[in-house]
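Residue numbers (the working numbering): 114 to 334.
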């Protein structure tokens, strides 16, 4: 199982990254901090209101990233949970009837109590770790592999996909912007497309995070 996710949801993640996924008949997960909407940030220009509807129309998943992109470790647990609730309220105002089902911790891994509180709001929560998920897995802190960390080493990513296939794991890729001139937190379109192409060729089932979770749960029943 493989999932592709985008933290912060810069415009290019949908317009360029989403177009690449669509070319292969795939969908991804876009983790949005609605307080950043329309702003220029370290990961590029962030999505606008219309982009939220496009995500849903194209079959992608819209995930939560707190309202104000709160640091998962440095932010007090109560304030962090309030930012989750604020993000959900903002989503209801913009897209009535749409719900966040999964979550991505901004910037770092969470405090233990923060993880406990976040778990009350979502089916699963995703962190980092640069590895795939296999065996007994913490659904409140799923591992992910950030593509920008090896964006000049495609062979490392391909090896990871191969190992994930052999282990029958769940590999969640993450990044931010997809651009010809990416920020330090993103990658170029050619690299991203090569990763997607190799993932497809591996025979993996490629789904947004929430759909992958549901598929894995069904397979165990």
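Where is the CB? At the ideal position from N, CA and C, for every residue including glycine. These numbers come from a predicted model, not from an experiment.
Option nearest residue i by Cα separation, candidates the options
| i | options | result |
| --- | --- | --- |
| residue 260 | 253, 189, 300, 296 | 300 |
| residue 302 | 121, 118, 114, 131 | 131 |
| residue 159 | 194, 172, 119 | 119 |
| residue 187 | 224, 161, 194 | 224 |
| residue 171 | 140, 279, 275 | 140 |
| residue 232 | 280, 243, 213, 242 | 213 |
| residue 250 | 129, 121, 326, 210 | 326 |
7 Å Cβ cutoff met for residue i and residue j
| i | j | result |
| --- | --- | --- |
| residue 289 | residue 190 | no |
| residue 221 | residue 196 | no |
| residue 203 | residue 127 | no |
| residue 291 | residue 305 | yes |
| residue 178 | residue 145 | yes |
| residue 278 | residue 315 | yes |
| residue 193 | residue 227 | yes |
| residue 245 | residue 207 | no |
| residue 161 | residue 176 | no |
8 Å contact criterion, which residue i and residue j should meet: CB distance rounded
| i | j | result |
| --- | --- | --- |
| residue 142 | residue 295 | So it is not a contact: roughly 19 Å between Cβ atoms. |
| residue 317 | residue 115 | 4 Å |
| residue 282 | residue 247 | 4 Å |
| residue 243 | residue 262 | 7 Å |
Would you call the segment 302–311 in contact with the segment 130–143, where contact means no fewer than 3 C-beta pairs closer than 8 Å? Result yes; three or more Cβ-Cβ pairs closer than 8 Å.
Are the segment 229–238 and the segment 157–174 touching, with three or more C-beta to C-beta distances below 8 Å? These segments do not touch.
Beta strand (DSSP E) segments (min. 3 residues) lying fully within the segment 184–221: Considered as a whole, the segment 184–221 harbours 215–217 as its complete beta strand (DSSP E) runs of no fewer than 3 residues, in chain order.
In chain order, what are the residue ranges of uninterrupted beta strand (DSSP E) at least 3 long that sit wholly in the segment 229–304? For the segment 229–304, the full-length beta strand (DSSP E) segments reaching 3 residues or more read 237–242, 255–259, 284–288 along the chain.
Going residue by residue through the segment 306–333, where are the continuous alpha helix (DSSP H) segments of at least 4 residues, counting only ones entirely within it? Here the runs fully enclosed are 322–333.
Unbroken stretches of the beta strand (DSSP E), 3 residues or longer, contained in the segment 128–167: Entirely contained in the segment 128–167, the beta strand (DSSP E) runs reaching 3 residues are, in chain order, 142–145.
I want to know whether the segment 198–217 touches the segment 238–257 - three or more CB-CB distances under 8 Å. The way I'd put it, the segment 198–217 does touch the segment 238–257; three or more beta-carbon pairs between them come closer than 8 Å.
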